[in-house]
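Residue numbers (the working numbering), protein chains in the order written: chain A, 167 to 459; chain B, 167 to 459. Quick notes on the structure that follows.
2 protein chains.
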Amino acid sequence: MQLIDGKAIADIIKQEIAVEVATIKSMGQRPPHLAAILVGHDGGSETYVAHKVKACEQCGFDSTLIRYEDTVTETELLAKISELNNDTAIDGFIVQLPLPKHISEQKIIEAIDYRKDVDGFHPINVGRTSIGLPAFVSATPAGIMELLKRYGIATAGKHCVVLGRSNIVGKPVANLMIQKAYPGNATVTVCHSYSADLVEQCQKADIIIAALGQPNFVKGNMVKDGAVVIDVGTTRVPSTTTKSGFKLTGDVLFDEVAPKCSYITPVPGGVGPMTIVSLMRNTLLAAKKELFK
Amino acid sequence: MQLIDGKAIADIIKQEIAVEVATIKSMGQRPPHLAAILVGHDGGSETYVAHKVKACEQCGFDSTLIRYEDTVTETELLAKISELNNDTAIDGFIVQLPLPKHISEQKIIEAIDYRKDVDGFHPINVGRTSIGLPAFVSATPAGIMELLKRYGIATAGKHCVVLGRSNIVGKPVANLMIQKAYPGNATVTVCHSYSADLVEQCQKADIIIAALGQPNFVKGNMVKDGAVVIDVGTTRVPSTTTKSGFKLTGDVLFDEVAPKCSYITPVPGGVGPMTIVSLMRNTLLAAKKELFK
Numbered sequence: 167m168q169l170i171d172g173k174a175i176a177d178i179i180k181q182e183i184a185v186e187v188a189t190i191k192s193m194g195q196r197p198p199h200l201a202a203i204l205v206g207h208d209g210g211s212e213t214y215v216a217h218k219v220k221a222c223e224q225c226g227f228d229s230t231l232i233r234y235e236d237t238v239t240e241t242e243l244l245a246k247i248s249e250l251n252n253d254t255a256i257d258g259f260i261v262q263l264p265l266p267k268h269i270s271e272q273k274i275i276e277a278i279d280y281r282k283d284v285d286g287f288h289p290i291n292v293g294r295t296s297i298g299l300p301a302f303v304s305a306t307p308a309g310i311m312e313l314l315k316r317y318g319i320a321t322a323g324k325h326c327v328v329l330g331r332s333n334i335v336g337k338p339v340a341n342l343m344i345q346k347a348y349p350g351n352a353t354v355t356v357c358h359s360y361s362a363d364l365v366e367q368c369q370k371a372d373i374i375i376a377a378l379g380q381p382n383f384v385k386g387n388m389v390k391d392g393a394v395v396i397d398v399g400t401t402r403v404p405s406t407t408t409k410s411g412f413k414l415t416g417d418v419l420f421d422e423v424a425p426k427c428s429y430i431t432p433v434p435g436g437v438g439p440m441t442i443v444s445l446m447r448n449t450l451l452a453a454k455k456e457l458f459k
Numbered sequence: 167m168q169l170i171d172g173k174a175i176a177d178i179i180k181q182e183i184a185v186e187v188a189t190i191k192s193m194g195q196r197p198p199h200l201a202a203i204l205v206g207h208d209g210g211s212e213t214y215v216a217h218k219v220k221a222c223e224q225c226g227f228d229s230t231l232i233r234y235e236d237t238v239t240e241t242e243l244l245a246k247i248s249e250l251n252n253d254t255a256i257d258g259f260i261v262q263l264p265l266p267k268h269i270s271e272q273k274i275i276e277a278i279d280y281r282k283d284v285d286g287f288h289p290i291n292v293g294r295t296s297i298g299l300p301a302f303v304s305a306t307p308a309g310i311m312e313l314l315k316r317y318g319i320a321t322a323g324k325h326c327v328v329l330g331r332s333n334i335v336g337k338p339v340a341n342l343m344i345q346k347a348y349p350g351n352a353t354v355t356v357c358h359s360y361s362a363d364l365v366e367q368c369q370k371a372d373i374i375i376a377a378l379g380q381p382n383f384v385k386g387n388m389v390k391d392g393a394v395v396i397d398v399g400t401t402r403v404p405s406t407t408t409k410s411g412f413k414l415t416g417d418v419l420f421d422e423v424a425p426k427c428s429y430i431t432p433v434p435g436g437v438g439p440m441t442i443v444s445l446m447r448n449t450l451l452a453a454k455k456e457l458f459k
């Protein structure tokens, strides 16, 4: 069993990006610039945005954090998005989700210029990813693909079972794994809460990508010997053994599953760090204006 | 075994649409108006467009056929598309594919205003379909979903195997079958030329949607008893027994497979007629401006 070290790979990629940014600066150009809009004071959102700002520093990017109280109106947010769309000093920006209930997340996402949509949530980027055109691929699926690539894991013709059908992970990663590409060219099965045959599907899978958000859902008896297991789950489970009072817990019961695997990602330290680094890569792509001509 | 009569269902839907159009006219409004651009003289394209024009008549729509020789330039086509985008008398329009090699199909598709893209090929409509938002769903996948619905075929929790991963059928029908909806909520497996386990996947499938474009590919031994089989294939195979000199042949070896099925679509007369009727429905939706507000 080999552990897939997402943290180490993410560090390498950040260094690669930093080298490229240094080259850009040495040519007299400004560095890539990411803006993030954060509404309210949700603990998880605060942490994620802080990590993103820190990653920008590590990559040599400029970053701008725009904060609103959770009383902000949809109109105010849309006005700010329009301003960022037209600001040539900003290459890409994100609106940290979730948003307060009085604001339509979908409306906000669709207001973002798809050429600055480094989260890859705009329907144009979702559609282009599915068609196989250049696009901002959303960060978690892009991070998973990068891990498979960096570890040289074979995917062509393999049976890949995706657990979960969220717009942010399950659907896009399934769409990527069936593309004519590497990683890709897999036989892909998407399972979810309605699937009658979820356990049997997992038992035959060469690759399992677990993105249900159900802690320790995938047990040892659900995984065949030699399988590759990618754990996307990051549920905060209350814990008395940590300072924060919770423990990030994956969808995979690691201790049971790991001994059977050829490769497995831990939680934390697996897919998580790759998600932020994929956002950095999308921001670099946005700055270079290479995707959309 | 019950035959799924796509022709009969398509006729019923055309009547339903005609009734709605009559109501629209009785309120003093103009009928829905579809335009089609046809480039060159490809036999298949001529036939498809003629069928679409005829279906418009049956539904009470206005239709406009715009013909170009295959020497037309991309610039000329793009100018016509821009004109149609801005023409308030046209509700929706299609550009019949394939196009001559000197014209980029993708560029043409993306030039169409997504609110008039009744073929559902624009990345915005592809992305919105995947996310589960209101969208123009491309005609063949929409027709398949409608057949499943009209025959009351259970899909929730069933294992649906999609053969083929084209942008026009395989990918979108897979994306529809995993949505939280009826038809949908299926466990969906997408198989293709790289799939090592294609035969085994089919043998366990409750529903097979065959869209490979390989005549008679699905044999009797690949289908379990009681399966639902949807045959999307329409390859023109040379034949001495027909006046036209060819025979439309599906991806399913009908005589072997049909006796094992609970439901099966024939070729011709299955999915084909539903494809055109889905285009009519999209045109009606475009005229009513209900999808995008």
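Glycine residues also receive a C-beta, built at the ideal position from the N, C-alpha and C atoms. Keep in mind that this is a model prediction, so the values were computed, not measured.
Exercise for review: Quick one: list the residues of chain A neighbouring residue 323 of chain B, beta-carbon separation under 7 Å, in chain order.
Suggested key: The residue given as residue 323 of chain B occupies position 157 in the second sequence. Contact annotation for residue 323 of chain B against chain A: 360, 361, 362 [CB-CB distance below 7 Å, chain order].
Exercise for review: For residue 272 of chain B, go through chain A and note every residue whose CB falls closer than 9 Å to its CB, in chain order.
Suggested key: Counting from 1 along the second sequence, the entry for residue 272 of chain B is found at position 106. For residue 272 of chain B, the chain A residues whose Cβ falls inside 9 Å of its Cβ are 297, 299, in order along the chain.
Practice item. Please confirm if residue 260 of chain B has its CB atom under 8 Å from at least one CB of chain A. Key: In the second sequence, counting from the first residue as 1, residue 260 of chain B sits at position 94. Contact of residue 260 of chain B with chain A is not assigned, every C-beta pair being separated by 8 Å or more.
Review point. In the structure shown, what three-state DSSP assignment does residue 229 of chain A receive?
Key: Counted from its first residue, the first sequence places residue 229 of chain A at position 63. It is a strand residue.
Review point. When we look at the beta-carbon of residue 178 of chain B and count the other beta-carbons within 10 Å, is it buried (16 or more) or exposed?
Key: Within the second sequence, residue 178 of chain B is the residue found at index 12, counting from 1. Exposed.
Exercise for review: Under 8 Å by Cβ, that's how I've got residue 354 of chain B and residue 326 of chain B pegged, so tell me the actual separation to the nearest angstrom.
Suggested key: Within the second sequence, the letter at position 188 stands for residue 354 of chain B. Within the second sequence, the letter at position 160 stands for residue 326 of chain B. Contact flag correct, Cβ pair sits at about 5 Å.
Check your understanding: Which same chain residues, not among the five before or five after residue 143 of chain A, have their C-beta less than 7 Å away from its C-beta?
Key -> Residue 143 of chain A is absent from the model: chain A starts at 167 and stops at 459.
Exercise for review: Spell out the partners DSSP gives residue 168 of chain A in its beta bridges.
Suggested key: On the first sequence, residue 168 of chain A is found 2 positions in, with the first residue counted as 1. When DSSP reads this structure, residue 168 of chain A sits in a beta bridge with A:429.
Check your understanding: Using the C-alpha atoms, what's the distance from residue 302 of chain B back to residue 442 of chain A?
Key -> For the purposes of this step, residue 442 of chain A is taken as the residue at position 276 of the first sequence. For the purposes of this step, residue 302 of chain B is taken as the residue at position 136 of the second sequence. Whole-angstrom Cα-Cα distance: 33 Å.
Point to revise | Start-to-end residues for the alpha helix (DSSP H) that takes in residue 297 of chain B | key: To locate residue 297 of chain B, count along the second sequence from 1; it is residue 131. Per DSSP, residue 297 of chain B belongs to the alpha helix (DSSP H) from 289 to 297.
Exercise for review: Mark residue 412 of chain B as exposed unless 16 or more other C-beta atoms lie within 10 angstroms of its C-beta, in which case mark it buried.
Suggested key: In the second sequence, counting from the first residue as 1, residue 412 of chain B sits at position 246. So residue 412 of chain B ends up on the exposed side.
Check your understanding: Cβ atoms of residue 386 of chain B and residue 433 of chain B: under 8 Å apart, would you say?
Key -> Translated into positions along the second sequence, residue 433 of chain B becomes position 267. Translated into positions along the second sequence, residue 386 of chain B becomes position 220. By the CB criterion at 8 Å, residue 433 of chain B and residue 386 of chain B fall outside the cutoff.
**Study point:** Option in A:236, A:281, A:248, A:213 with minimal Cα separation from residue 257 of chain A
**Key:** Against the first sequence, residue 257 of chain A aligns to sequence position 91. When each option's Cα is compared against that of residue 257 of chain A, the closest is A:281.
Check your understanding: How would you list, in chain order, the residues of chain A whose beta-carbon sits under 7 Å from the beta-carbon of residue 357 of chain B?
Key -> Here residue 357 of chain B refers to the residue found at position 191 when the second sequence is read from its first residue. Simply 353.
Check your understanding: Between the stretch 259 to 268 of chain A and the stretch 188 to 196 of chain A, are three or more C-beta pairs nearer than 8 Å?
Key -> Too few Cβ pairs lie closer than 8 Å, so no.
**Study point:** Chain-ordered neighbours of residue 367 of chain B on chain A, where CB pairs are closer than 9 Å
**Key:** The sequence position of residue 367 of chain B within the second sequence is 201, counting from 1. In chain order: 325, 353, 355.
Check your understanding: What alpha helix (DSSP H) runs, 4 residues minimum, are completely inside the stretch 359 to 394 of chain A?
Key -> Entirely contained in the stretch 359 to 394 of chain A, the alpha helix (DSSP H) runs reaching 4 residues are, in chain order, 364 to 370.
**Study point:** Residue environment, residue 337 of chain A, which counts as buried when at least 16 other CB atoms sit within 10 Å
**Key:** Reading the first sequence from its first residue, position 171 is the one you call residue 337 of chain A. By the 10 Å Cβ count, residue 337 of chain A comes out buried.
**Study point:** Three-way DSSP call (helix, strand, coil) for residue 256 of chain B in this model
**Key:** To locate residue 256 of chain B, count along the second sequence from 1; it is residue 90. Taken through DSSP and simplified to helix, strand or coil, residue 256 of chain B comes out as coil.
Review point. So, using beta-carbon positions, are residue 319 of chain A and residue 394 of chain A closer together than 8 Å?
Key: Locating residue 319 of chain A in the first sequence gives position 153, where the first residue counts as 1. Locating residue 394 of chain A in the first sequence gives position 228, where the first residue counts as 1. In contact: residue 319 of chain A and residue 394 of chain A (Cβ atoms closer than 8 Å).
Point to revise | Closer than 7 Å at the beta carbon, the chain B residues around residue 215 of chain A | key: Start at 1 with the first residue of the first sequence, and residue 215 of chain A comes out as number 49. Ordered by position in chain B, no residue passes the 7 Å Cβ test against residue 215 of chain A, which lies about 24 Å from the chain.
Practice item. Please report how far the alpha carbon of residue 375 of chain A lies from the alpha carbon of residue 248 of chain B, in whole angstroms. Key: Locating residue 375 of chain A in the first sequence gives position 209, where the first residue counts as 1. Locating residue 248 of chain B in the second sequence gives position 82, where the first residue counts as 1. For the pair residue 375 of chain A and residue 248 of chain B, the Cα-to-Cα distance works out to about 43 Å.
Review point. DSSP on residue 548 of chain B, reduced to helix/strand/coil?
Key: Because residue 548 of chain B is not part of the residues shown, which for chain B are 167 to 459, the question remains open.
Exercise for review: Output, in chain order, the set of chain B residues within a Cβ distance shorter than 7 Å of residue 282 of chain A.
Suggested key: As a working mapping, residue 282 of chain A is identified with position 116 in the first sequence. Under the 7 Å cutoff, chain B gives no residues; its nearest Cβ is about 16 Å from residue 282 of chain A.
Check your understanding: For residue 219 of chain A, which residues of its own chain have a beta-carbon under 8 Å away from its beta-carbon, when the five flanking residues on both sides are left out?
Key -> As a working note, residue 219 of chain A is residue 53 in the first sequence. When the five nearest sequence neighbours on each side are left out, the beta carbons in the same chain lying within less than 8 Å of the beta carbon of residue 219 of chain A are those of 202, 229, 231, in order along the chain.
Review point. List, in order along the chain, the chain B residues whose C-beta lies closer than 8 Å to that of residue 318 of chain A?
Key: In the first sequence, counting from the first residue as 1, residue 318 of chain A sits at position 152. Result: empty, since nearest Cβ-Cβ is about 18 Å, beyond 8 Å.
Practice item. Check whether the stretch 417 to 429 of chain A touches the stretch 263 to 274 of chain B, counting contact only when three or more Cβ pairs, one atom from each stretch, lie closer than 8 Å. Key: Contact between the stretch 417 to 429 of chain A and the stretch 263 to 274 of chain B is absent, because fewer than three Cβ pairs lie under 8 Å.
Exercise for review: Answer yes if the stretch 442 to 457 of chain B comes into contact with the stretch 208 to 226 of chain B, meaning at least three C-beta pairs across the two stretches below 8 Å, and no otherwise.
Suggested key: Result yes; three or more Cβ-Cβ pairs closer than 8 Å.
Practice item. Measure the CB-CB distance between residue 328 of chain A and residue 377 of chain A and report whether it falls below 8 Å. Key: For this step, residue 328 of chain A is matched to residue 162 along the first sequence. For this step, residue 377 of chain A is matched to residue 211 along the first sequence. Less than 8 Å separates the beta-carbon of residue 328 of chain A from that of residue 377 of chain A.
Review point. Whole-angstrom Cβ separation of residue 187 of chain B and residue 225 of chain B, contact assumed at under 8 Å?
Key: Counting from one through the second sequence, the residue named residue 187 of chain B turns up at place 21. Counting from one through the second sequence, the residue named residue 225 of chain B turns up at place 59. Going by Cβ atoms, the distance from residue 187 of chain B to residue 225 of chain B rounds to 6 Å, so yes, they are a contact pair.
Review point. By the 10 Å Cβ neighbour count, where 16 or more other Cβ atoms means buried, how is residue 351 of chain B classified, buried or exposed?
Key: Counting from one through the second sequence, the residue named residue 351 of chain B turns up at place 185. By the 16-neighbour rule on beta-carbons within 10 angstroms, residue 351 of chain B is buried.
Exercise for review: Under 8 Å between beta-carbons, which chain B residues line up against residue 233 of chain A? List them in chain order, please.
Suggested key: Numbered from 1 along the first sequence, position 67 holds the residue referred to as residue 233 of chain A. Listed along chain B is no residue with a C-beta nearer than 8 Å to that of residue 233 of chain A; the closest approach is about 28 Å.
Exercise for review: Using a Cβ-Cβ cut-off of 8 Å, state whether residue 337 of chain A counts as contacting chain B.
Suggested key: What you label residue 337 of chain A is simply residue 171 of the first sequence in a count that begins at 1. Yes - at least one Cβ of chain B is within 8 Å of the one on residue 337 of chain A.
Exercise for review: Tell me whether the beta-carbon of residue 384 of chain B lies closer than 8 Å to the beta-carbon of residue 417 of chain B.
Suggested key: As a first step, residue 384 of chain B is located in the second sequence; it is residue number 218 there, counting from the start. As a first step, residue 417 of chain B is located in the second sequence; it is residue number 251 there, counting from the start. Against a cut-off of 8 Å, the Cβ pair of residue 417 of chain B and residue 384 of chain B comes out as a contact.
Point to revise | Residue(s) in a DSSP beta bridge with residue 397 of chain B | key: By 1-based counting over the second sequence, the position of residue 397 of chain B is 231. The partner list for residue 397 of chain B (beta bridge, DSSP) reads B:376.
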